[in-house]
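Before any comments, here is the structure.
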Amino acid sequence: MVRSGHVVMLCALVLLTLGVVMVQSAGMQVRPLQADADPTAAAAVSGVTAESLLTSRTSIYLVIAVLAMAIASRLPIRKFADRLERVVWFKPGGDLGVLIIGSLMLVGLLSLVYVPGIARVQNGSGRWINLHVPGLESIQPSEIVKWSIIVLVAWYAARLGSYKENKLRKFFSGLLPVCLCAGVVAGVVVLEDLGTGALMIAATGVVLLAAGARWIHFGMFIPPVLASVVIAILAAPYRKDRIIAFMDPYADPSGTGYHLIQSIATVAGGGVFGRGLGNGLQKFGYLPEDTTDFLFAIVSEELGLIGVLIVVCAYAGIAWTGTSIAMRERSMMLKLITLGVIATISMQALINLVVVTGLGPTKGIALPLMSSGGTGWIMTAFALGLVVSIDRTREYAGVYVDAFASEDEELIALRAQRDSEIEAKPSFADRAGLWGASVMHAVRAPAQLVPIATPPATTEDYSAYDANPIGDAEMEELLGGSIAWESSEPKKPSKAQAKSQIKVQIMDRFRPKAKRTPASYEMDSQGDQDERADLFL
């Protein structure tokens, strides 16, 4: 049976594999001619070989990303989330204190890009820190923070929603603190990367709305958010130039409008079937950032409409199946994490496609799982692995079952889980509950009296009684005997009897039972379907 988690993993693998191939193709360069070469000869092009493809840095990132997704898909995230949701945080601070501490830790991680010696500046932007690890020389902290803030906000929103009255629906004590903390983290990201910061704010909004926050409360944040965007645009002149170039790119075709014009020309040059893999022309010095922000344009030029549909369908598959996983999830925290991950990937892909096709101003935001980038691939794959883990384990009547297991393995796991709970040593709460039950037995409501008598022998007797209800005397005469009244509830036991009953109940819990091995469950083929129904009800 194909499950939603399988579809998510398949779509992610398609995007990662296609991304490795297209990054290598877009990285092809024209080799410089020798001084004594024939000027009329064709230029030599650095092609892509099997050896260069397998030993490239992108292939290493692919292997790490696939491993990260596989490991995340096997993590016991459901048990971890259940423990976090049930934790009672004591003063000082409580849940809000944990939120503030977590936000400060994320801000500290982002601040490492300003530390001399480990910070690395590329293309005028300091978004990386050096690790000096073979295969992973640097990482991008904003990519780690982008996914961490989703988990933090989802946990806090689930905690507020666990109260009798959802505190997230209150502005000052619920929504305002989490928005301020997320805003501070996103504000630090905006200093170096406006697109990622805006994406974090949007994903946080999706999580909070899904958790029950009110739309009218979000309206109060619109003026300060718009003011911050205007200030960020005016503070950097190149951002203002990009907006002007979007309005009329041909006003300055060799300047501010160059990126947009070349991107549109690259997308339009592919047609239906494309020029062929590796046969694109715009990557030879015409289209800037062809391996990162504008990789989708190279896909359109070389693979045509067919390649575009493959990419779009893969992202649509992740969005659709991920949303279905979130809708079926019972745990509020896991539901919000799934929605946050899917919303982030979907919005990031949509923004990139809008920019590349000329429907929006130029913005340096990568195509998830495809554009060249080690940290982005690994963290996105890990986040999708968590979504797969959420779909893999499902809850039936308090029993967690591996949804990817076969039908027989699933039933065996249910039986083993049930028997282990029966054989478990009773806790103090269980023993106290047994004593409490005996105390409450004495204050139960009075029992109703029901007649104990021999029923009528014939159908005519029943019909006569139904047609003409009679009293006790007539009923005694009809039945040929006296009516005995007896309580439907058991008589109140004496103190010694109650103590004896409680001892028997407790000893039954401690009495050892014959343990069964999973191998013995396989012999129970008769009535499996009926037992499965009883277990799930």
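Position 193 of the sequence shown, counted from 1, bears residue number 332 in our numbering, the numbering being contiguous throughout. Backbone N, C-alpha and C define an ideal beta-carbon position, used for all residues, glycine too. Computed from a predicted structure; not experimentally measured.
Please go through the same chain and pick out, in chain order, the residues whose beta-carbon is closer than 8 Å to the beta-carbon of residue i, but skip the five residues on each side of it.
i, result
"residue 192", "159, 160, 163 and 198"
"residue 292", "317, 321, 343, 346, 347, 475 and 479"
"residue 334", "490, 502, 503 and 504"
"residue 221", "470"
"residue 445", "411, 412 and 413"
"residue 251", "257, 258, 268 and 280"
Is the Cβ-Cβ distance between residue i and residue j less than 9 Å?
i, j, result
"residue 479", "residue 289", "yes"
"residue 352", "residue 339", "no"
"residue 268", "residue 255", "no"
"residue 237", "residue 323", "no"
"residue 529", "residue 464", "yes"
"residue 155", "residue 204", "yes"
"residue 305", "residue 350", "yes"
"residue 450", "residue 157", "yes"
"residue 396", "residue 404", "no"
"residue 286", "residue 462", "no"
"residue 212", "residue 527", "yes"
"residue 151", "residue 208", "yes"
"residue 372", "residue 388", "no"
"residue 310", "residue 356", "yes"
"residue 214", "residue 524", "yes"
"residue 381", "residue 331", "no"
"residue 513", "residue 277", "yes"
"residue 360", "residue 499", "no"
"residue 517", "residue 253", "no"
Report the CB separation of residue i from residue j in whole angstroms; it is logged as a contact under 8 Å.
i, j, result
"residue 443", "residue 410", "5 Å"
"residue 346", "residue 296", "6 Å"
"residue 505", "residue 497", "Going by Cβ atoms, the distance from residue 505 to residue 497 rounds to 18 Å, so no, they are not a contact pair."
"residue 307", "residue 472", "Incorrect: roughly 13 Å between the Cβ atoms, too far for contact."
"residue 458", "residue 485", "5 Å"
So, at 7 Å on beta carbons, what are the nonlocal neighbours of residue i in its own chain, with the 5 sequence-adjacent residues on each side left out?
i, result
"residue 248", "280, 283 and 284"
"residue 398", "427 and 501"
"residue 195", "163"
"residue 477", "461, 464, 465, 468, 526 and 529"
"residue 300", "307, 350, 351 and 471"
The ligand GTP and residue i: does any heavy atom of the ligand fall closer than 8 Å to the residue's C-beta?
i, result
"residue 250", "Although the ligand GTP was asked about, the structure shown includes no ligands whatsoever."
Identify the residues that DSSP records as bridge partners of residue i: which are they?
i, result
"residue 511", "Residue 511 is not bridged to any residue."
"residue 278", "268"
Within the same chain, show all residues whose beta-carbon is closer than 6 Å to that of residue i, passing over the 5 residues directly before and after it, in chain order.
i, result
"residue 408", "440"
"residue 316", "235"
"residue 417", "164"
"residue 327", "246 and 249"
"residue 429", "165, 422 and 437"
"residue 460", "143, 146 and 147"
"residue 153", "453"
"residue 510", "431 and 434"
"residue 375", "none"
"residue 606", "With a pLDDT of 48 at residue 606, under the threshold of 50, the modelled position of that residue is not reliable, and the figure given next carries that caveat. Excluding residues within five positions, none has a Cβ falling inside 6 Å."
"residue 488", "454 and 507"
"residue 402", "433, 436 and 495"
"residue 141", "none"
"residue 483", "342"
Starting from the N-terminal side, write out each stretch of the alpha helix (DSSP H) that is 4 residues or longer and does not extend beyond the segment 196-265. Runs of the alpha helix (DSSP H) lying entirely within the segment 196-265 and spanning at least 4 residues, in chain order: 196-212, 216-225 and 233-249.
Please go through the segment 357-394 and give each complete beta strand (DSSP E) segment of 3 or more residues, from N-terminal end onward. Every candidate beta strand (DSSP E) stretch fails here, since none sits fully inside the segment 357-394 while reaching 3 residues.
Runs of alpha helix (DSSP H) wholly within the segment 313-362 (minimum 4 residues, chain order): Within the segment 313-362, the complete alpha helix (DSSP H) runs of at least 4 residues are 315-329, 333-349 and 354-358.
Can you check the segment 429-501 for any beta strand (DSSP E) of at least 3 residues that lies completely inside it and give the ranges in chain order? Counting only runs of 3 or more, we get nothing.
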